[in-house]
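In our numbering, the protein residues as written are 22 to 121.
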């Protein structure tokens, strides 16, 4: 008898901000319960490549993000997409407790 694994894709928000250590990326599932995962990338190119490989950015969005000066204007990039927990974890994100 074969066992089927059901992987549930959920709506998430991907928040990319500039940080001292590089680019901080939070993936937040609004829940309930609210869940979030965090990863820091050393530079913008590696950040965009990592998000695209994880399926969190489409190739078109990745190209647009590389051209977007959000990182020079002290602003934040927000992407709404769908993702599943195994893919998020496989991409190197670590569970993170959101602030209360």
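Even glycine gets a Cβ: it sits at the ideal position worked out from N, Cα and C.
Do residue j and residue i count as a contact pair if the criterion is CB distance below 9 Å?
{"i": "residue 72", "j": "residue 83", "result": "yes"}
{"i": "residue 64", "j": "residue 91", "result": "no"}
{"i": "residue 87", "j": "residue 66", "result": "yes"}
Using the Cα positions of residue i and residue j, report the straight-line distance between them to the nearest angstrom.
{"i": "residue 31", "j": "residue 103", "result": "5 Å"}
{"i": "residue 85", "j": "residue 53", "result": "31 Å"}
{"i": "residue 56", "j": "residue 48", "result": "8 Å"}
{"i": "residue 60", "j": "residue 75", "result": "12 Å"}
Kindly indicate which three-state DSSP category residue i falls into: helix, strand or coil?
{"i": "residue 71", "result": "helix"}
{"i": "residue 111", "result": "helix"}
{"i": "residue 93", "result": "helix"}
Quick one: what's residue i bridged to in DSSP?
{"i": "residue 101", "result": "34"}
{"i": "residue 63", "result": "According to DSSP, residue 63 bridges with nothing at all."}
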